[in-house]
Each structure stands twice: as structure tokens, then as C-alpha cells.
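S.K.: Quick one: the structure is below, questions incoming.
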Amino acid sequence: MSGTFTTSTARNIFYGGTLFFLLVFLALTFQNEQIIPKRDRREMLANPQIAEGKKLWETNNCIGCHTLLGEGAYFAPELGNVVVRLGSKEAVKAFIKGRPAEGIAGRRSMPQFNFSDKDLDAIADFLEYVSKIDAAKWPPNVQG
Ligand code: HEC
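The C-terminal residue of the sequence shown carries number 144 in this note's numbering, and the numbering is unbroken.
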């Protein structure tokens with residue numbers, strides 16, 4: 001046995017394996033670079049209304065409580081598909097607008113942000129944009 005598995009065999013397996021997985025890595029990186037831009041429809045962010053909604057999303061720290069396509073905090077519901085879950089942008093806006101300022105006793109509640117109607121439109125447009133990103137079927141169901 002020791003005669004057949006020599007040092008040079010071990011070295012060849014090492015170099016061959018390294019090269020093989022390097023090629024797999026490069027191929028997958030290349031494939032990702034092709035697919036991702038088509039999936040996230042980044043060009044939509046050139047729409048000023050959606051960009052404004054994204055800005056409001058970031059500056060109000062929604063992600064401090066919510067997840068968006070799985071990223072964020074697990075305190076409050078996933079919002080990547082909230083437009084689908086609540087049925088319409090109108091329902092999303094009504095939810096955000098209708099939060100009681102004093103919170104809801106005995107349960108986790110969402111703050112009242114006092115957004116203008118213009119801000120609410122922008123947020124709803126941003127959330128609708130997110131719901132249309134092809135995230136490889138994430139979230140797995142409408143409940144998030
Ligand atoms: C302090 C934590 C907190 C922050 C910050 C927060 N939320 Fe929420 N949000 C919640 C909680 C908790 C719920 C679930 C409330 C409930 O069911 O009564 C919720 C629910 C929602 C829902 C309804 C989700 C559903 O499935 O019914 C929407 C839409 C929403 N939030 C949008 C936002 C947006 C947009 C922002 C940022 C502007 C934001 N939230 C910031 C805590 C937060």
C-alpha cells in the first residue's frame with residue numbers, strides 16, 4: 001500500500017483538487033454575476049418614488065424590528081412579501097397609518113411614525129418593488 005500512494009500522488013491530488021474547486025468557485029461566481037442583476041431589478045431604484053421609499057425605510061430603522069427578505073431583526077413580521085400578505089398597497093399604508101400612538105397593551109406593537117401620505121405612498125411603492133424581487137422563492141410562504 002505504501003508503495004502505491006506516494007508523496008507525489010498526494011501532491012497531485014492536492015493540486016488537482018485545488019484546481020477543480022477553484023474552477024467550480026469561478027464558474028459559480030460568474031453564474032451569480034449573470035443572474036443577480038436580473039433578479040433584483042436594481043434599475044427600479046432609479047424610480048425616484050421607490051428610491052424615496054427605500055430612504056424612508058433606512059432612515060426610520062424599520063429593519064431594527066423587521067426582516068426584509070430574511071435580513072434584519074426578528075422582532076416583527078417579514079416585510080418582503082407584506083404587500084402580497086395584506087393584499088394591496090392600500091392595506092399596507094392603512095396599517096402603518098393606523099398604529100396607535102400609545103402602543104397596544106400586552107403585545108409587541110409597531111410605533112406610530114406620523115408619515116405624510118406622500119411618505120406612505122413611497123414606502124408602499126418600495127415594499128411592492130421588494131415583493132417582486134426574484135428571491136428564489138424566499139420567503140417560503142405568504143406568512144413570511
Ligand atoms: C419598534 C419596532 C418596529 C419598527 C421600528 C417598525 N415596525 Fe413595523 N411592525 C412592528 C410590529 C411589532 C408589527 C406587528 C404588529 C401587530 O401585528 O400588531 C409590525 C407590523 C408592520 C406591518 C404589518 C405586517 C403584517 O404582516 O401585518 C407593516 C407593513 C410594517 N410593520 C411596516 C413598517 C415600516 C415600513 C417600518 C419603518 C418605517 C416599520 N414597520 C418599523 C414593529 C416595528
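Note that CB positions come from ideal geometry on N, CA and C, so glycine has one too.
(1) Is the beta carbon of Leu-127 less than 8 angstroms from the beta carbon of Leu-69?
(2) Leaving out five residues before and five after Asp-125 in sequence, what residues of the same chain have Cβ atoms less than 6 angstroms from its Cβ?
(3) Taking 7 angstroms as the cut-off, does the CB of Pro-48 come closer than this to any heavy atom belonging to the ligand HEC?
(4) Report back the beta-carbon spacing between Asp-117 and Arg-39 to the nearest angstrom; my notes put them in contact at under 8 angstroms.
(5) Straight-line CA distance for Asp-121 to Leu-19?
(6) CB of Arg-85 to nearest heavy atom of the ligand HEC: below 7 angstroms?
(7) Suppose the cutoff is 7 angstroms on Cβ atoms and the five residues either side in sequence are ignored; what does the same chain contact list for Pro-77 look like?
(8) For the alpha helix (DSSP H) that Glu-58 lies in, which residues bound it at each end?
(9) Taking Lys-93 as part of the alpha helix (DSSP H), name the residues at either end of that continuous run.
M.R.: Here's the rundown:
(1) no
(2) Gln-49, Ile-50 and Gly-53
(3) no
(4) About 31 angstroms separates the two Cβ atoms, so there is no contact after all.
(5) 52 angstroms
(6) yes
(7) His-66 and Gly-144
(8) 48–59
(9) 89–97
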